[in-house]
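Report on the following structure.
This is the structure:
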């Protein structure tokens, strides 16, 4: 395995009824800004639970964070923070609300002129307001990690800083029961692909990390479809297993000491930035094509994936790999996801647009060995047509 | 899965050459006490690396921590701490040195009259000196967790406090190359049994935790024997996989949200306290007997263990379980461990002595459902004869 440093200081409170834990997690004298999205938390009881837990705190609220949170929206929170001297953010929502809160927290204490530089120029974030999270949509892992993605003018760009790692995260599987099928599908597939991007590279004989990743993949394959079926969709054990998988998929643990390949995400970001396609639905389109185009480079891990995750033993190595890619596509489709650009009504002319965006954003050497150059990205997108 | 809260704030620096990381981990103005054991670190280069990393720090040293660290030894450090106004402990060693340092750290700031009350009366530890760790023997997981075990007058007793969780831990697999075969065997089997005690209970459908535990067990089964073979014992990848498995086995992660059964450890502690048998060698004797005596209670997880960890598919369920227990014993023996009381020259008369010790220490209702009463412990020890 490769040398690594790892830490994850976020405290987790997992299970039904755990929202009440925020009472003791947030200092009693804090001035709290509750940050949320479109208001669904007011219909599913989450808002009421949060307010009840904060009844002895001073708090304000900022809503309207959209999926793929927009810079302009997030900057509107700054006036509120100054006006009320806010010193704690409580993000109540999914990955977009958490990511948005991270940017708000960093921008509030940013010493430079323009907070957009945090993503556009990758300016280092030295400090940020403390953040707590009540997660409502298991998917991105943002609730315990240091990353966030922000969008402006069709540019969807990431930043990372340990200053924005949440202090605590409440994971109550019961709050996910009110999610739509599409949200569940997106979440399961997003977590699956986060795992794949830290796993499907080349072997460095990191047996623990490999087996942890395989365990997450198997769990998501088993539990994901159950969360869509009438007879099991309200099963809290299923929801709990999905929720914990999604957090573990991107808390840094399975990626510590192994090579990583985030090319699927980077290409996917251009699909979202340009055409507004749901994040996870861009990934389910791009990953199968990455597996096919880079089959030689990833041969060893693809074979391990076929044998350990899908328990394929028939056929020669290449046949096993082809079968595993097919089963991956079947899994995505069983979750109601698109697996081709044509599934989202895009075609050859769009490939050129996407290539230009990749070039514009400097995404010219992606992947575990920086081998995904623009021509390789073109091949991937063409394979995904 | 069960509700849980989880945190682990220890920063990990993993890999060859990482001892140098302590330079920046310990505040430059700290007065550091370097705590170690019998001096093996002076022969294998670890001491020199530590000293080199601390060349701009003020530091003192306290050596002589024995395996199963003794209260009287640990209390000797207190005078040194007062004399030099020590405010940071650096534990350099295996689980005993780390556990001993945790007790030293807690005793230094203990507000009560007698620090022995921390273990004897389970007095709450509210604060402790900060601790850093350079781990030399992968086994106990103490380097990132909140537990420690201390021995006095043949009584080996645990305490837990988040105040003693190390701030950081350096895990350099290269420093384990100088360990004896016995130390390696003990470490691998200790980590294996830590995992089993959080896994082999009853199912709460915690798929992630189960698969992570199975991944650790499989890794230890694969890598443990290689660390003893002439052709692979110096393989740093093998050592690295063992080291990371041992840390992950008891950092709280696989035990979060699942029932636990620490009866093997509690019975084993009496064997060490009374007869001075190596900790891990008590576990390899007790665990197989626990598996046999509690086969009905643990049927479901024993079967899962047989099928997923040992890939057993032939025979009926009971036959698969019996085979898995046999393979577990074979694994312990391949690691050079005893699996019966007779292997360490103990017999029926000793069972009475051990039962008295268990009663004395209040160990009268052990296990995941408190069903391991003294008669059941007798049955376990008799089965282990």
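Residue numbers (our numbering), protein chains in the order written: chain A, 1 to 385; chain B, 1001 to 1385.
In this text, a Cβ means the ideal position worked out from N, Cα and C, and glycines have one as well.
Check: Could you spell out where the beta strand (DSSP E) holding residue 1059(B) opens and where it closes?; Outcome: 1058-1062
Check: Could you pull the start and end residues of the alpha helix (DSSP H) that residue 1(A) belongs to?; Outcome: No alpha helix (DSSP H) holds residue 1(A); DSSP gives it neither H nor E.
Check: So which residues of chain A does residue 1219(B) contact, with C-beta pairs closer than 8 Å?; Outcome: 207, 208 and 211
Check: Could you check what DSSP says for residue 1204(B) in three-state terms: helix, strand or coil?; Outcome: coil
Check: Grouping DSSP H, G and I as helix and E and B as strand, with all else coil, what is residue 1009(B)?; Outcome: strand
Check: Is the Cβ-Cβ distance between residue 89(A) and residue 129(A) less than 9 Å?; Outcome: yes
Check: Is the beta carbon of residue 136(A) sitting closer than 9 Å to the one on residue 176(A)?; Outcome: yes
Check: I'd like to know whether the C-beta of residue 5(A) is nearer than 9 Å to at least one C-beta of chain B.; Outcome: yes
Check: Assess contact between the region 11-28 of chain A and the region 1013-1033 of chain B, defined as three or more Cβ pairs (one per stretch) separated by less than 8 Å. Is contact present?; Outcome: no
Check: For residue 1097(B) and residue 1035(B), which I take to be in contact (beta-carbon distance under 8 Å), what is that distance rounded to the nearest angstrom?; Outcome: 6 Å
Check: Against residue 33(A), what residues of chain B qualify as contacts under a CB-to-CB distance less than 7 Å, listed in chain order?; Outcome: Ordered by position in chain B, no residue passes the 7 Å Cβ test against residue 33(A), which lies about 24 Å from the chain.
Check: Under the assumption that residue 377(A) contacts residue 346(A) (Cβ atoms under 8 Å), give the Cβ distance between them as a whole number of angstroms.; Outcome: With a Cβ gap of about 15 Å, residue 377(A) and residue 346(A) do not count as contacting.
Check: Can you give me the Cβ contacts of residue 193(A) inside the same chain, cut-off strictly under 7 Å, excluding the 5 residues immediately before and after it?; Outcome: 264, 283 and 287
Check: If I'm right that residue 1351(B) touches residue 1381(B) with Cβ under 8 Å, what's the distance once you round it to whole angstroms?; Outcome: 5 Å
Check: So that I know if they touch, is there some Cβ in chain B lying closer than 9 Å to that of residue 13(A)?; Outcome: yes
Check: In chain order, what residues of the region 1015-1027 of chain B put their CB closer than 9 Å to some CB of chain A?; Outcome: 1015, 1016, 1017, 1018 and 1021
Check: Would you call residue 51(A) buried or exposed, if buried means 16 or more other Cβ atoms sit within 10 Å of its Cβ?; Outcome: exposed
Check: Using a Cβ cut-off of 7 Å, pull out every chain A residue sitting near residue 1245(B), in sequence order please.; Outcome: 208
Check: Reducing DSSP to helix, strand and coil, say where residue 151(A) ends up.; Outcome: strand
Check: What's the gap between the Cα of residue 1042(B) and the Cα of residue 1173(B)?; Outcome: 17 Å
Check: Nearest to residue 133(A) by CA position, among 94(A), 116(A) and 159(A), is which residue?; Outcome: 94(A)
Check: Name the two residues that bound the continuous beta strand (DSSP E) containing residue 1031(B).; Outcome: 1031-1036
Check: Is the Cβ-Cβ distance between residue 326(A) and residue 307(A) less than 9 Å?; Outcome: no
Check: Counting only beta-carbon atoms, is residue 1010(B) nearer than 9 Å to chain A?; Outcome: yes
Check: Verify the CB distance criterion: does residue 1335(B) have a CB-CB separation below 9 Å to chain A?; Outcome: no
Check: Where do the N-terminal and C-terminal ends of the alpha helix (DSSP H) with residue 1238(B) fall, by residue?; Outcome: 1236-1249
Check: Assuming contact is defined by CB atoms lying nearer than 9 Å, are residue 144(A) and residue 24(A) in contact in what I supplied?; Outcome: no
Check: What are the partner residues of residue 196(A), as DSSP defines its beta bridges?; Outcome: Residue 196(A) is not bridged to any residue.
Check: Among 210(A), 262(A), 45(A) and 274(A), which one has its Cα closest to the Cα of residue 360(A)?; Outcome: 274(A)
Check: List, in order along the chain, the chain B residues whose C-beta lies closer than 7 Å to that of residue 45(A)?; Outcome: In chain order: nothing, as chain B lies at least about 18 Å away.
Check: Label residue 1298(B) either buried or exposed according to how many other C-beta atoms from any shown protein chain fall within 10 Å of its C-beta, with 16 as the threshold for buried.; Outcome: buried
Check: Short check: CB of residue 257(A) to CB of residue 1208(B), under 9 Å?; Outcome: no
Check: Runs of 4 residues minimum, wholly inside the region 1280-1342 of chain B: which ones carry the alpha helix (DSSP H) assignment?; Outcome: 1299-1304 and 1317-1334
Check: Return the CA-CA distance between residue 1356(B) and residue 1248(B), expressed in angstroms with no decimal places.; Outcome: 34 Å
Check: In the structure shown, what three-state DSSP assignment does residue 225(A) receive?; Outcome: helix
Check: Whose Cβ in chain A lies nearer than 7 Å to the Cβ of residue 1240(B)?; Outcome: 1
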